[in-house]
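A short write-up of the structure that comes next.
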Amino acid sequence: KEVGGETWQPGGREKVCLSVCFGAPHHQLWEEVSIMDEKNIPIRTYQVCNVMEPNQNNWLRTHWIRRGPAQRIYIEIKFTLRDCNSLPGVIGTCKETFNLYYLESDSDNERYAHESHFAKIDTVAADESFTQVDIGDRIMKLNTEVRDVGVQSHTGFYLAFQDVGACIALVSVHVFYKKCPLAVRNLAQFPDTVTGADTSSLVEVRGSCVNHSEEQEIPKMYCGADGEWLVPIGNCLCNPGYEERNEQCQVCKVGYYRSLSSDGGCRKCPLHSYSMKEGATSCDCDKGYYRSETDPAAMPCTRPPSAPHNLISNVNETSVLLEWSAPLSSGGRGDLAYNVVCKQCVRDTQRCMPCGDDVRYSPQRLSLRSTRVSVHQLQAHTNYTFQIWAVNGVSKHSPSLEQAVSVTLTTNQAAPSTVMMVQSKDIIRDTLSLFWDEPDKPNGVILEYEVKYYEKDQNERSYRIVKTTSRSADIKDLTPLTSYVFHVRARTAAGYGEFSAPFEFSTNTGECRVRSSCCWRSHELWVRIYVDPFTYEDPNQAIREFAKEINTSCIKIEKVIGIGEFGEVCSGRLKLPGKREICVAIKTLKAGFTEQQRLDFLSEASVIGQFDHPNIIHLEGVVTKCKPVMIITEYMENSSLDMFLRKNDGRFTVIQLVGILRGMASGMKYLSDMSYVHRDLAARNILVNSNLVCKVSDFGMSRVLEDEPEGAYTTRGGKIPIRWTAPEAITYRKFTSASDVWSYGIVMWEVMSYGERPYWDMSNQDVIKAIEEGYRLPPPMECPLALHQLMLECWMRERADRPKFSQIVNMLDKLIRNPATLKRTAGDASRPHPSTLRHAPSEGSAPSLGSVDEWLKIIGLEQYGENFSTAGFCSLESVLPMSHE
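1 is the number of the first residue of the sequence shown in full-length UniProt numbering; add one for each residue after it.
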């Protein structure tokens, strides 16, 4: 008999009934009987009540039921059952239960459905039973039992009911499965989902975003075994131009907008804006109003500001102070700023041109927040026009002179600018000659120069003045073997300019001292020569001659700052009688040393003690008469240059980096002039003090040159810093000042790359091979072309082709005086892998500066070659003295 077929939904769960057909009663003991229910409505039942005979085995089977999508089948049975106690004489044969069976099958094959093939689901007992009196009183005690079974793989199944001796009537059988119904959660739709085969299983279902929405996080829910949705995860958001209403994304109305999916609901267009269609993601600005690229969509549209007003100028020689009042309208924005435009105008004409890059603005020219600016380094007696522009975030959309106020003025006569470089020549016992270049900005006719000088130890307390109308002066009646400090300034009709920075020169003795300061005369110059302390028969004599003994009571060690080759390195304080206390670095010799270790340790003091230069580490003295043995030098607060550069990566201007290079080159020129070879020049051996002055240090590997100019020291073995060492020094262990120049080129590369490791992760053998094949380090990122060209000059294969340190100092001085030559970079590519290193020809990767034309080409001014030739500047020697003008 076909049962049910209807669908209903109690308690939020859907039950889908399947058609259930019963086969012919087995052994003819089950009977199809019509009875009346408690409402006198006839119902059809299957009944069996053979309780008098033992060992009953009566079967009732359904027709084949198609499984469909079901994973677990539920069977709801409604039945009545007679109480055995109400039946006399059936003790031992009457039962009050029946059994439920099932059989899986892929097709409707009744011949296959034998009793032995069925699997038992459960034994079903009644909660309520009836007696004969109950029936007479028409009281039906109906039982409802539900059983379930997991159906795994077959297309359909049969159900069967086994009677074992009960008096029972089957009223209805409903076969169904459970599913979680279609649902929408967090703007994600989840389809009808059939529950799993296991009563404890959860089916994971991925939802799909509703129309006009997008996933923010993958939406998921779990369908439980009872047909309930559990644990919503993730969500969707309405697309821009739509908002969430009733689990749907509804379009924004005209006049409203929604710009981001993460925003709330649709908003009304902000002030001075509108939208003309539904689904707007932003509102258009009214005519004359604008938004900047960074303005949020919720911000009102705004206007450019009006012009500043009440512009006042105050001229002071070649400087101008400009002050103004804020504009009456800021355009409705809070990012008001000011830009200054400077134009230099030709007298009695309307022709003006932008001011040059040498004009200085304080605090700045663009994006000013204050209403005043100082302009300096203008030309004297010159007409200028200044415009003050009020700008905000939308000014570029509608630039107009209505946003600017201007003033035209003429500068006054001014004193000359500072003399930048003072040099000396013909230094003898008590006389030296000075010469210098004209100031970059004379601001008129130079009437005279004034030279102020004094002994270095006097600290300007007692100075003398020499005046001259030329750019040189002979300074006489000086004290032999004394350091003097010189300042030079120029005067025009407007008065004196500022004194130059201090320049220090020392007089000589006029005669030779034995061993420690032997002199050689060349072109009438007296030059001090370095003395190797290892040439002394008694090395202790060299220590006594070149290093001052300090009493330990004057030294206070404060903390350990490092470990050296011979012992600890400490920081502390030194207070000598009659002098102020100073910070010092203290190298100590560890206990248990041999005499040879003591001499090797103190030999560095014998070396440093011979030097006196602002870019060479200064020796204060030694402690040798008690333990621990110490070397005391000036304290360099910022430690080694390589660590300092890495810590401050990208913080310095190119000019500041060139200044660092110039200081090192000056120190190396001093050492080279004394015929001294360092052998281990590297950024790790350059120390930096609190004023960012760099000083050459670590003279442990250094040795003296032979007397001949091209002499070289041949080492007796030992480690060589391959990445910093010239090829001839690696191959033949021949060290000269030219090999120091090679090392200086590597230090230049370290400085411009902010302490990067030369040749990166290449092995030492790969470095040697690459150099021999002509490879040279490429320019660091944003390195000026002129500096990389100087590096390549330092790395010429032939040492005679490399520049001298005196030439390097001159080149760097010219770059500092002409910053525009540093603007052309060698390329903005990132630092390459060694496999992409620039290949240089065997004689270097770029031509040396052999002619004026080559020099002009390198600095990007090759078009002026004919001008130089016509003016008679045909050699580099003739170019070197040229001023900026």
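All C-beta atoms in this analysis are idealised placements derived from N, C-alpha and C, irrespective of residue type, glycine included.
Every value quoted in this text rests on a predicted model; they were computed, and no experiment measured them.
Within a Cβ cutoff of 8 Å, which residues of the same chain sit near residue i, ignoring the five residues on either side of it in sequence?
i, result
"Tyr449", "Val419, Trp436, Lys467, Thr468, Thr469, Ser470, Arg471, Ala473, Val488, Arg489, Ala490, Arg491"
"Ile563", "Val569"
"Ser842", "Here the model assigns Ser842 a pLDDT of 36, short of 50, so the residue's position is not dependable and the matter cannot be decided."
"Asp106", "His154, Thr155, Gly156"
"Ser702", "Residue confidence for Ser702 is low, a pLDDT of 47 falling below 50, so the modelled location carries little weight and cannot support an answer."
"Glu537", "none"
"Val879", "Val852, Trp855, Phe868, Phe873"
"Glu581", "Arg573, Leu574, Lys575"
What distance in whole Å lies between the Cβ atoms of residue j and residue i, which are believed to be in contact at a cut-off of 8 Å?
i, j, result
"Ile73", "Tyr101", "No, Ile73 and Tyr101 are not in contact; Cβ-Cβ is about 13 Å, not under 8 Å."
"Phe98", "Asp148", "So it is not a contact: roughly 17 Å between Cβ atoms."
"Pro300", "Gly332", "7 Å"
"residue 917", "Thr45", "A question about residue 917 goes unanswered here, because the residues of the chain that appear run from 1 up to 885."
"Leu60", "Ala160", "7 Å"
"Thr411", "Thr318", "5 Å"
"Cys238", "His212", "6 Å"
"Ile808", "Lys695", "So it is not a contact: roughly 17 Å between Cβ atoms."
"Lys452", "Phe499", "7 Å"
"Glu243", "Gly265", "4 Å"
"Gln47", "Val33", "5 Å"
"Ala390", "Gln403", "5 Å"
On the DSSP letters alone, give me the boundaries of the beta strand (DSSP E) that residue i sits inside.
i, result
"Tyr222", "213 to 223"
"Leu100", "97 to 105"
"Ser319", "319 to 325"
"Gln189", "188 to 190"
"Arg72", "72 to 81"
"Phe505", "503 to 506"
"Ser472", "472 to 475"
"Lys695", "694 to 696"
"His309", "309 to 316"
"Cys783", "First-last for Cys783: undefined, no H or E at that position."
Based on the DSSP secondary-structure assignment, which residues constitute the bridge partners of residue i?
i, result
"Glu243", "Gln250"
"Thr195", "DSSP lists no partner for Thr195."
"Ile631", "Lys587, Val622"
"Val203", "Cys223"
"Tyr274", "Asp284"
"Ala490", "Tyr449"
"Val90", "Paired residues: none, contrary to the question."
"Leu574", "Ile555, Ile582"
"Gly495", "Thr492"
"Val184", "Gln189"
Within a Cβ cutoff of 6 Å, which residues of the same chain sit near residue i, ignoring the five residues on either side of it in sequence?
i, result
"residue 887", "In the structure as shown, the chain starts at 1 and stops at 885, and residue 887 therefore has no counterpart that could be examined."
"Gly865", "Asp853, Leu856"
"Pro69", "Val194"
"Val341", "Gln387"
"Tyr560", "Note that residue 560 is Val in the sequence shown, not Tyr. Cβ neighbours of Val560 beyond the five flanking positions: Glu568, Cys570."
"Asp108", "Trp64"
Would you kindly report the start and end of the unbroken alpha helix (DSSP H) that includes residue i?
i, result
"Arg303", "No alpha helix (DSSP H) holds Arg303; DSSP gives it neither H nor E."
"Gln814", "First, the amino acid is wrong: residue 814 is Lys here, not Gln. Unbroken alpha helix (DSSP H) run through Lys814: 805 to 817."
"Pro539", "539 to 546"
"Tyr670", "654 to 673"
"residue 888", "Lying before the first or after the last residue shown, residue 888 is absent from the chain, which here runs from 1 to 885."
"Gly264", "Premise fails: Gly264 is in no alpha helix (DSSP H) and is neither H nor E."
"Gly602", "It is Leu, not Gly, that sits at residue 602 in the sequence shown. 595 to 608 is the span of the alpha helix (DSSP H), which, as asked, contains Leu602."
"Ser878", "876 to 879"
"Leu645", "641 to 647"
Residues in the same chain with beta-carbon distance under 7 Å from residue i, minus the five sequence neighbours each way, listed in chain order, please.
i, result
"Ser208", "Ala188, Gln189"
"Ser201", "Ala225"
"Arg13", "Caution applies to Arg13, whose pLDDT of 41 falls short of 50 and renders its modelled position unreliable; the value that the coordinates give is listed next. The residues are Lys178, Asp226, Gly227."
"Tyr754", "Leu645, Arg646, Asp649, Gly650"
"His272", "Cys285, Asp286, Tyr289, Pro300, Cys301"
"Trp749", "Pro758, Leu777, Pro780, Met791"
"Glu96", "Leu81, Cys84, Ala125, Ala126, Ser129, Ala166"
Using a threshold of 7 Å, is the CB atom of residue i nearer than that to any non-hydrogen atom of the ligand PLP?
i, result
"Thr385", "Among the ligands in the structure shown, none appear at all, so the ligand PLP cannot be discussed."
Would you mind listing the beta strand (DSSP E) stretches within the stretch 335 to 407 that are 3+ residues and don't spill past its ends, in chain order? 337 to 345, 352 to 354, 360 to 362, 372 to 376, 383 to 391
Handout entry: Segments assigned alpha helix (DSSP H), at least 4 residues, entirely inside the stretch 707 to 779
Key = 727 to 732, 737 to 752, 764 to 772
* Run through the stretch 407 to 468 for me and flag every whole beta strand (DSSP E) of 3 or more residues, listed as ranges in chain order. => 422 to 425, 432 to 436, 448 to 455, 464 to 468
**Request:** Scan the stretch 113 to 178 and note each continuous alpha helix (DSSP H) run of 4 residues or more that stays entirely inside, going in chain order.
**Result:** 132 to 136
Checklist entry - Of all the beta strand (DSSP E) runs that stay within the bounds of the stretch 23 to 64, which reach a length of 3 or more residues? => result 31 to 36, 42 to 49, 58 to 61
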